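Counting from 1, one number per residue, gives the positions in the sequence shown under full-length UniProt numbering.
Glycine residues also receive a C-beta, built at the ideal position from the N, C-alpha and C atoms.
Here the structure is a predicted model, which is why all the values come from computation and not from measurement.
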Amino acid sequence: MNNLAYAYPKSRFEPAVLVDLNARPERERLSKSALKGFFKLVAAWKLRDEDARELLGGLSSSTFYEWKKNPDRVLEVDRITRISYLLGIYKALHILYGDKLADEWATLPNKNPIFGGRTPLSQMLAGGLLAMQMVRKLLDARRGGL
1 MNNLAYAYPK SRFEPAVLVD LNARPERERL SKSALKGFFK LVAAWKLRDE
51 DARELLGGLS SSTFYEWKKN PDRVLEVDRI TRISYLLGIY KALHILYGDK
101 LADEWATLPN KNPIFGGRTP LSQMLAGGLL AMQMVRKLLD ARRGGL
């Protein structure tokens, strides 16, 4: 019996292929550019090194500076995921706002109830990966007109 009722409708758009971050070759492919993007974000947002290290999941100073000097390495799934959320936040901010506000937004107090007057950066530092996901979803919703 044919299950056509459960098939995707014909479209010129293909669903995005999910990247398997558990596969080492995928992490090898993505890690260097992810770190380079992360360090550009850190510079654009004018983050303190200790905050940047915490956004990466708590990195020692020596490891952080080694990664900054030589980003050619293979990251763990958690770190690539964190960087992915942060770069998505960066991109969404630059779509929603001018460059100046986009780069300052994470460090400005925010009246949105999810931040409670805190800065988005302090929320992400305190809440880690889940807070980054929440900020990303908020900005993606704003981009979508919600």
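Proximity of residue i and residue j at Cβ, strictly below 8 Å
i	j	result
I80	R27	yes
A106	P120	yes
N112	V77	no
Boundaries (first-last residue) of the alpha helix (DSSP H) holding residue i
i	result
T107	Per DSSP, T107 belongs to no alpha helix (DSSP H) and is neither H nor E.
I80	V77 to L96
R136	P120 to R143
Y42	Inspection of the sequence shows that residue 42 is occupied by Val rather than by Tyr. Note, V42: alpha helix (DSSP H), R24 to A44.
Residue i to residue j span [Cα, whole Å]
i	j	result
L56	S31	13 Å
R73	I114	35 Å
L96	L47	21 Å
S62	A131	26 Å
P25	L86	22 Å
Residues near residue i in its chain [Cβ-Cβ closer than 8 Å; skip 5 each side]
i	result
D140	G88 and A92
V19	E26 and L30
Contacts around residue i, its chain only, beta-carbon distance under 6 Å, and the 5 residues preceding and following it disregarded
i	result
R53	L59 and F64
ask   = With a cut-off of 8 Å, do at least 3 Cβ pairs link the segment 58-74 to the segment 35-50?
value = yes
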